[in-house]
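Residue numbers (the working numbering): 10 to 185.
Here it is, written out as structure tokens:
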């Protein structure tokens with residue numbers, strides 16, 4: 010058996026000797042971004058709804074007078090002025106304690122509406138099969154249910170499946 014030094018022969022040899030090497034595994038399920046809305050509430054949103062995840066310095070946030078408490082202020086991102094909104098308050102959940110000098114934010118776009126939702130902590134991306142998504146339980150608060158598309162259980166921990174379009178159209182956000 011002769012061995013060639015060409016890249017093609019080397020690749021073929023590696024493939025025969027190590028068939029799993031360099032094989033891309035097709036991941037199943039749809040991509041979601043997982044995060045904590047506040048200290049106790051885990052959530053996921055379809056990745057297609059997120060424009061960007063940004064750690065925002067408090068110094069870049071301009072507070073606005075006479076705004077509701079869930080409006081944290083404005084910031085400039087790539088020439089676009091974007092409202093920063095406390096997602097936990099929009100959902101009727103316990104507020105995020107903003108004690109640090111930075112905020113994890115999810116920048117969303119829904120039609121012409123842009124916003125940065127301040128969250129407690131970004132976890133990362135996961136893949137979720139449609140078959141594991143469960144219907145919103147009846148014990149969920151009526152202020153939260155319009156913004157949910159169900160939930161998932163992962164490692165015995167519930168993560169809410171949020172509907173970004175419904176949140177962006179919240180009556181609380183109509184006048185900004």
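Yeah, the Cβ is synthetic: ideal placement off N, Cα and C, and Gly gets one too.
Taking residue i and residue j to be in contact with their CB atoms under 8 Å, please state how far apart those CB atoms are, rounded to whole angstroms.
{"i": "residue 170", "j": "residue 161", "result": "6 Å"}
{"i": "residue 168", "j": "residue 59", "result": "That belief does not hold up - the Cβ atoms of residue 168 and residue 59 are roughly 15 Å apart, past 8 Å."}
{"i": "residue 67", "j": "residue 112", "result": "7 Å"}
{"i": "residue 47", "j": "residue 102", "result": "5 Å"}
Considering only the alpha carbon of each residue, which of the options lies closest to residue i?
{"i": "residue 116", "options": "93, 133, 134, 97", "result": "93"}
{"i": "residue 139", "options": "50, 105, 55", "result": "55"}
{"i": "residue 50", "options": "173, 133, 57, 166", "result": "166"}
{"i": "residue 178", "options": "88, 107, 85, 119", "result": "119"}
Here's a check: name, in chain order, each residue in its chain whose Cβ is nearer than 6 Å to the Cβ of residue i, leaving out the five neighbours to either side.
{"i": "residue 62", "result": "115, 131"}
{"i": "residue 126", "result": "94, 96, 115"}
{"i": "residue 149", "result": "none"}
Short of 7 Å in beta carbon distance, which residues of its chain neighbour residue i, apart from the five on each side in sequence? Order them along the chain.
{"i": "residue 183", "result": "none"}
{"i": "residue 98", "result": "78, 79, 104"}
{"i": "residue 2", "result": "The question about residue 2 has no answer, for the chain in this structure spans 10 to 185."}
{"i": "residue 90", "result": "83"}
{"i": "residue 174", "result": "119"}
{"i": "residue 64", "result": "111, 113"}
Could you name the residues of the same chain whose beta carbon sits closer than 8 Å to that of residue i, not counting the 5 residues immediately before and after it, in chain order?
{"i": "residue 14", "result": "Note that residue 14 has pLDDT 46, beneath the 50 cutoff, so the model's placement of it is unreliable and the number below is only indicative. The answer is none, since no qualifying residue turns up."}
{"i": "residue 134", "result": "40, 41, 42, 43, 56"}
Which full runs of the alpha helix (DSSP H) of 4+ residues lie inside the stretch 79-160, going along the chain?
-> With a minimum length of 4 residues, the continuous alpha helix (DSSP H) runs that stay inside the stretch 79-160 are 96-99.
Any contact of the stretch 36-43 with the stretch 90-109, i.e. 3+ C-beta pairs under 8 Å?
-> Segments in contact, no.
Mind the definition here: the stretch 69-84 touches the stretch 143-163 only if three or more C-beta pairs lie below 8 Å; say whether that holds.
-> No: fewer than three Cβ pairs fall under 8 Å.
Taking the runs of the alpha helix (DSSP H) that are 4 residues or longer, which of them lie wholly in the stretch 42-81?
-> List check, alpha helix (DSSP H) in window: nothing returned.
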